[in-house]
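Novice: Before I ask anything, let me first share the structure, which is written out below as structure tokens.
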Amino acid sequence: MTDHLLSGVEPDPAGDAGHLDVPPRSGFFTDTSVCIGCKACEVACKEWNAIPEDGLSLTGMSYDNTQGLGASTWRHVAFIEQSPPSAEGRTELPLADAPETGSDGQGGDLRWLMASDVCKHCTHAACLDVCPTGSLFRTEFGTVVVQEDICNGCGYCVPACPYGVIEQRPSDGRAFKCTMCYDRLGAGQEPACAKACPTESIQFGPLDELRERAALRVDQLHAAGVTDARLYGHEPTDGVGGDGAFFLLLDEPEVYGLPPDPVVTTRDLPAMWKHAGGAALSLLGGAALSFAVPALKHLARNTGRKGWR
793 MTDHLLSGVE PDPAGDAGHL DVPPRSGFFT DTSVCIGCKA CEVACKEWNA IPEDGLSLTG
853 MSYDNTQGLG ASTWRHVAFI EQSPPSAEGR TELPLADAPE TGSDGQGGDL RWLMASDVCK
913 HCTHAACLDV CPTGSLFRTE FGTVVVQEDI CNGCGYCVPA CPYGVIEQRP SDGRAFKCTM
973 CYDRLGAGQE PACAKACPTE SIQFGPLDEL RERAALRVDQ LHAAGVTDAR LYGHEPTDGV
1033 GGDGAFFLLL DEPEVYGLPP DPVVTTRDLP AMWKHAGGAA LSLLGGAALS FAVPALKHLA
1093 RNTGRKGWR
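Residue numbers for the sequence shown follow the numbering used here, so the first one is 793 and each next one is one higher.
Below, the structure is given as structure tokens:
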């Protein structure tokens, strides 16, 4: 077992957590270029994990009725409508009853970006590092799971997540998120969301194989003229050590509500403790000196030594 790391490249997260004879690390590769927004993954996730409904409130901005990931939404399909800027510099969406023509009179200006988001199961998971009860743990598959019966509702994990994924459920205060269907993995099955995806937008398997497959897919899209295609969360040298769930995007991460350069929030803890220790020693030294100087002056006066003022 290797020493536990808070940042940097970590080739064996499960081994670092103490697991022996681990299987290859498992993960998700979500290819948003073939997502059709059917939300089969959301339904399958809720049904298998018995997740309560979450309001089904339309935002008024799109057909999205779940709005984002949360304690009762472990898979979220984003609907993003885009059209090119108008001549005046403003982006305007065509009216529902207007012909499908853009500012240049050509059709096809409006496009939809759809993407099924999920917990990233980070290599360096800050939510796990800050959990005081051990409710969050690293599985033998390299995934991160919340044990709801151990969670005490402290909420430390919520601000620790650089993606804003994990959330406390208002009804009882405990934290919940995607488990990558840990029970199904233990039985040799794939997660419910990947099983239900009709277009194979959500792919599950050994993480190294998925990364190779994703790189080939990007090359294929670039050759077809889709030059904006890029991978997100696949790189082991990024701020979270690479994600266990990564994505092929067709635009900047911010368009999908993803941080452009996520960093594990516990990365600077060793340096912070070092500086805090140095500050504490300085305070102790100053306090000791404040008591020592009067004592030495008193001793000098009593022994007749000169030079103290």
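Note that the Cβ used here is the ideal one computed from N, Cα and C, for glycine as well.
(1) Locate the beta strand (DSSP E) running through W840, then write down its first and last residues.
(2) Give the secondary structure of L887 by DSSP, where H, G and I count as helix, E and B as strand, and everything else as coil.
(3) Which residues bound the beta strand (DSSP E) around G860?
(4) Going by DSSP, name the residue or residues bridged to R930.
(5) Kindly list the residues whose CB is nearer than 7 Å to the CB of E873, restricted to its own chain and excluding five residues on each side of it in sequence; keep chain order.
(6) Could you give the DSSP three-state label for E873: helix, strand or coil?
(7) Are three or more beta carbon pairs between the segment 815 to 828 and the segment 945 to 957 nearer than 8 Å?
(8) If you reduce the DSSP assignment to three classes, tell me which class D901 lands in.
(9) List the residues that DSSP assigns as beta-bridge partners of R976.
(10) Could you check where the alpha helix (DSSP H) with A986 kicks off and where it finishes?
(11) Just reading off the beta strand (DSSP E) that A1037 is part of, what are its end residues?
(12) Drop a sphere of 10 angstroms on the beta-carbon of D1020, count the other beta-carbons inside from all chains shown, and report buried for 16 or more, exposed for fewer.
(13) Using the DSSP secondary-structure output, state which residues sit across from V910 in a beta bridge.
(14) Near P815, what residues of its chain come up, given a Cβ to Cβ distance below 7 Å and the 5 sequence neighbours on each side ignored?
(15) Tell whether a beta-carbon distance below 8 Å holds between C911 and V957.
(16) By the three-class DSSP mapping on this structure, what secondary structure does E1004 have?
(17) Could you spell out where the beta strand (DSSP E) holding G997 opens and where it closes?
Specialist: Reading it off the structure:
(1) For this step, residue 840 is matched to residue 48 along the sequence shown. Here W840 belongs to no beta strand (DSSP E); instead the alpha helix (DSSP H) covers A832 to N841.
(2) For the purposes of this step, residue 887 is taken as the residue at position 95 of the sequence shown. Confidence at L887 is low in this model, with a pLDDT of 46, below 50, so its placement is unreliable and no value can be given for it.
(3) Translated into the one-based positions of the sequence shown, residue 860 becomes position 68. Premise fails: G860 is in no beta strand (DSSP E) and is neither H nor E.
(4) Translated into the one-based positions of the sequence shown, residue 930 becomes position 138. In DSSP, R930 forms a bridge with V936.
(5) The residue given as residue 873 occupies position 81 in the sequence shown. Hits under 7 Å: S854, L885, L902 and W904.
(6) In the sequence shown, the residue the question calls residue 873 occupies position 81. In this structure, E873 counts as strand in the three-state DSSP scheme.
(7) no
(8) Indexing the sequence shown from 1 puts residue 901 at position 109. D901: coil per DSSP, three-state reduction.
(9) Translated into positions along the sequence shown, residue 976 becomes position 184. Its beta-bridge partners do not exist; DSSP assigns none.
(10) The sequence position of residue 986 within the sequence shown is 194, counting from 1. Per DSSP, A986 belongs to the alpha helix (DSSP H) from A984 to A988.
(11) On the sequence shown, residue 1037 is found 245 positions in, with the first residue counted as 1. Looking at the DSSP string, the run of the beta strand (DSSP E) that includes A1037 is A1037 to L1041.
(12) By 1-based counting over the sequence shown, the position of residue 1020 is 228. It counts as exposed.
(13) Counted from its first residue, the sequence shown places residue 910 at position 118. Its beta-bridge partners are R867.
(14) Counting from one through the sequence shown, the residue named residue 815 turns up at place 23. Within the same chain, P815 has close Cβ partners E932 and F933.
(15) Along the sequence shown, read from residue 1 onward, the residue named residue 911 stands at position 119. Along the sequence shown, read from residue 1 onward, the residue named residue 957 stands at position 165. Cβ distance < 8 Å, so C911 and V957 count as in contact.
(16) As a position in the sequence shown, residue 1004 is number 212, starting the count at 1. E1004: helix per DSSP, three-state reduction.
(17) Position 205 of the sequence shown, counting from 1, holds the residue named residue 997. G997 -> beta strand (DSSP E) spans I994 to P998.
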